[in-house]
Amino acid sequence: MRALSSLPPASHGAAMIEFTVAATVLLGLALAALETAHWHRTRQLLGVALLEAARAGSTAGLAPGSMADAFETGLLPLYATASTTGARARLRQVHVRRAQAAGLPAWRIDILSPRRAHFLDFNGGNRTGGFHAAPVDALSPDYLPERHAAHRQRWPGGRGPRSGDTVLDAAVLHLRLRYLHAPLTPGLGALARALGRGRRDAEGQAMARAGLLPIVLELRLTMQSLSTWPADWSGGQGEIVMAP
Numbered sequence: 038m039r040a041l042s043s044l045p046p047a048s049h050g051a052a053m054i055e056f057t058v059a060a061t062v063l064l065g066l067a068l069a070a071l072e073t074a075h076w077h078r079t080r081q082l083l084g085v086a087l088l089e090a091a092r093a094g095s096t097a098g099l100a101p102g103s104m105a106d107a108f109e110t111g112l113l114p115l116y117a118t119a120s121t122t123g124a125r126a127r128l129r130q131v132h133v134r135r136a137q138a139a140g141l142p143a144w145r146i147d148i149l150s151p152r153r154a155h156f157l158d159f160n161g162g163n164r165t166g167g168f169h170a171a172p173v174d175a176l177s178p179d180y181l182p183e184r185h186a187a188h189r190q191r192w193p194g195g196r197g198p199r200s201g202d203t204v205l206d207a208a209v210l211h212l213r214l215r216y217l218h219a220p221l222t223p224g225l226g227a228l229a230r231a232l233g234r235g236r237r238d239a240e241g242q243a244m245a246r247a248g249l250l251p252i253v254l255e256l257r258l259t260m261q262s263l264s265t266w267p268a269d270w271s272g273g274q275g276e277i278v279m280a281p
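Quick note on this note's numbering: the sequence shown kicks off at 38 and runs consecutively.
In structure tokens, the structure reads:
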């Protein structure tokens with residue numbers, strides 16, 4: 038192939054156009070690969086952090102403060118600096134910035150199970166056969182097979198009238214995380230804003246206006262401790278909410 042300088046003058050413009058198009062395509066592919074890697078790494082670390090929150094909730098009776106601390110500690114590798122203190126400060130700065138941009142919590146964990154209806158159906162006030170002595174606003178993970186058998190004598194399939202679930206279902210901690218993710222490249226943020234104009238829900242529109250994307254994960258873990266009825270929790274730039 039002849040060098041560009043050896044081409045006729047009329048060919049110089051065409052060659053430059055070809056080079057520009059090729060460079061633009063390659064740059065776009067490189068940015069897409071970088072963005073994809075960033076997305077998957079963030080999603081993976083969020084999965085680890087959500088698991089830590091679930092473990093804390095399972096062993097600490099659904100204490101939302103413990104769950105929040107465990108979640109944010111699990112996220113520190115995503116904002117790693119030379120020190121743990123620096124990573125935590127950076128995490129909070131990023132979360133504050135995203136929360137202010139969207140007008141939403143930077144992260145939200147919904148406790149889908151056990152939910153309020155489970156407490157009403159299977160709390161300590163609904164003891165059967167003396168299998169547990171939990172207070173009326175608590176769920177015990179003990180003697181589940183025996184309690185389920187007793188509930189089947191009272192309700193079809195052992196399903197509570199309010200929840201429609203069994204005591205076995207109520208003993209499973211089910212969490213759903215929504216996390217505000219900021220793309221690395223401005224182009225993807227602009228695309229998120231453009232696509233968000235068609236959304237009808239207020240939360241989706243708020244995220245789109247801020248150029249943020251939601252990462253949503255769910256996780257289930259068996260409860261290992263007495264579950265008390267937690268109040269909704271909000272602290273820092275996140276919140277934990279129990280489903281009705």
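Beta carbons: idealized from backbone N, C-alpha and C, even for Gly.
Own chain residues within Cβ distance below 6 Å of residue i, not counting five before or after
| i | result |
| --- | --- |
| Ser262 | Thr96, Gly98 |
| Ala247 | Ala138, Ala139 |
| Arg237 | none |
| His155 | Ser200, Ala207 |
| Tyr216 | Leu83, Trp144, Ile252 |
| Met260 | Ser95, Pro178, Ala208, Leu210 |
| Arg93 | Residue identity check: residue 93 is Ala in the sequence provided, not Arg. So the list reads Ser103, Met104, Ala107, once near-sequence residues are dropped. |
Spatial neighbours of residue i in its chain, beta-carbon cut-off 8 Å, leaving aside the 5 residues before and after
| i | result |
| --- | --- |
| His218 | Trp76, Thr79, Leu249, Leu250, Pro251, Ile252 |
| Arg153 | Trp266, Met279, Ala280, Pro281 |
| Gly275 | Ala105, Phe108, Glu109, His132, Pro142, Ala143, Trp144, Arg145, Ile146 |
| Leu82 | Gly111, Leu112, Pro114, Leu115 |
| Gly167 | Confidence at Gly167 is low in this model, with a pLDDT of 44, below 50, so its placement is unreliable and no value can be given for it. |
| Gly273 | Ala105, Glu109, Arg129, His132 |
| Asp194 | As written in the sequence, residue 194 is Gly, which differs from the Asp given in the question. Thr203. |
Sequence-distant residues of its chain with Cβ nearer than 7 Å to residue i (five each side left out)
| i | result |
| --- | --- |
| Glu109 | Leu128 |
| Leu88 | Leu256 |
| Arg196 | Asp202, Thr203 |
| Ala91 | Leu210, Leu212, Leu256, Leu258 |
| Trp192 | Pro198 |
| Met38 | Confidence at Met38 is low in this model, with a pLDDT of 46, below 50, so its placement is unreliable and the value that follows should be read with caution. Excluding residues within five positions, none has a Cβ falling inside 7 Å. |
Contact belief for residue i with residue j at Cβ below 8 Å, rounded distance in angstroms
| i | j | result |
| --- | --- | --- |
| Leu228 | Val204 | Wrong, their Cβ atoms sit about 47 Å apart, outside the cutoff. |
| Arg213 | Asp147 | 5 Å |
| Gly84 | Leu258 | About 13 Å separates the two Cβ atoms, so there is no contact after all. |
| Pro220 | Glu72 | 6 Å |
| Asp158 | Ser200 | 5 Å |
| Val209 | Ser264 | With 8 Å as the limit, Val209 and Ser264 do not qualify as a contact, their Cβ atoms being about 11 Å apart. |
| Gly111 | Ala86 | 3 Å |
| Ala124 | Ala117 | 5 Å |
| Ala245 | Arg230 | 5 Å |
Boundaries of the alpha helix (DSSP H) in which residue i is found, first to last residue
| i | result |
| --- | --- |
| Met260 | Met260 -> no alpha helix (DSSP H), and no H or E assigned at all. |
| Ser103 | 101 to 111 |
| Arg215 | Element bounds for Arg215: not the alpha helix (DSSP H) but the beta strand (DSSP E), 209 to 218. |
| Gly201 | Where Gly201 is concerned, there is no enclosing alpha helix (DSSP H), given that its DSSP letter is neither H nor E. |
| Gly241 | 239 to 246 |
| Pro182 | 181 to 191 |
| Asp269 | Note, Asp269: premise wrong, no alpha helix (DSSP H); not H, not E. |
| Asp158 | 153 to 159 |
Residue range of the unbroken beta strand (DSSP E) whose run includes residue i
| i | result |
| --- | --- |
| Leu149 | 144 to 150 |
| Gly98 | Neither: Gly98 is in no beta strand (DSSP E) and is coded neither H nor E. |
| Gly275 | 275 to 279 |
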